[in-house]
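As numbered in the UniProt record's numbering, residues 1 to 128 make up the sequence shown, in order.
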Amino acid sequence: MQNKNRIKRLVKNNCACYFGAKYGIPSYCCLQDGPCVFFAQDDSLPCCTYFENGVLPMDEKLDQEYKSDRNVESEFKTAKSRVNCTRCGGTFSANSNRQKYCEKCRGKARKENIRIRVRKFRQKDDSM
Ligand SMILES: [Zn+2]
Numbered sequence: 001m002q003n004k005n006r007i008k009r010l011v012k013n014n015c016a017c018y019f020g021a022k023y024g025i026p027s028y029c030c031l032q033d034g035p036c037v038f039f040a041q042d043d044s045l046p047c048c049t050y051f052e053n054g055v056l057p058m059d060e061k062l063d064q065e066y067k068s069d070r071n072v073e074s075e076f077k078t079a080k081s082r083v084n085c086t087r088c089g090g091t092f093s094a095n096s097n098r099q100k101y102c103e104k105c106r107g108k109a110r111k112e113n114i115r116i117r118v119r120k121f122r123q124k125d126d127s128m
């Protein structure tokens, strides 16, 4: 995350919950009652509602980057839930767990279902 240092600077200068070094914690946040989430030593994308609503809007450019960073991550997550098509076996990204067919097969499968239904209907018709 490239803008993490800018977030930290914004937090340091403007966040009302950020107290700096306190209680032996180097970046104490009174909301967390612990270190500020943005000062964690990992590559995660921390979220803080107070920061997003109360501090981030001060820096419009960073606000946009912050949001796009998180959108990218959520897209990445949905892309990860890839499912095998039960018809052709190809992988596709499903929007829900109920999706069984890939984009290509979805239309074909629907037509097949209609054909089967029509055939059953005709058979019933014949027996009468
Ligand atoms: Zn398929």
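The beta-carbon is built from N, C-alpha and C at its ideal position, and this holds for glycine as well.
*For the beta strand (DSSP E) containing lysine 22, list its first residue and its last residue.*
18 to 22
*Considering only C-alpha positions, which residue in the set Gly90, Val11, Lys67 and Ile25 is nearest to glycine 54?*
Val11
*asked:* Using C-beta distances below 8 Å, list every residue in its chain close to alanine 21, excluding the 5 sequence neighbours before and after it, in chain order.
replied: Ser27 and Tyr28
_Proximity of valine 37 and cysteine 30 at Cβ, strictly below 8 Å_ = no
_Does the beta-carbon of arginine 87, which I'm using as the reference point, lie nearer than 7 Å to any heavy atom of ligand 1?_
yes
*Close-in-space but distant-in-sequence residues of the same chain around lysine 8 (CB under 7 Å, 5 per side omitted)*: Phe38 and Phe39
*Please determine, among Asp33, Asp42, Ser93 and Arg6, the residue with the shortest C-alpha to C-alpha distance to aspartate 63.*
Ranking Asp33, Asp42, Ser93 and Arg6 by CA distance to the CA of aspartate 63 puts Arg6 first.
*glycine 90 beta carbon near ligand 2 (any heavy atom closer than 7 Å)*: This structure lacks ligand 2; the ligands present are ligand 1.
*Specify the secondary structure class of asparagine 84 as computed by DSSP and reduced to three states.*
strand
*Specify the secondary structure class of serine 96 as computed by DSSP and reduced to three states.*
DSSP places serine 96 in coil when its eight states are reduced to three.
*Return helix, strand or coil for serine 27, following the three-state DSSP convention.*
In the structure shown, serine 27 sits in a strand (DSSP, three-state: E or B).
*By a C-beta neighbour count over all protein chains shown, 10 Å radius and 16 as the cutoff for buried, is phenylalanine 121 buried or exposed?*
exposed
*Those residues which DSSP pairs with glycine 34 across a bridge*: Cys29
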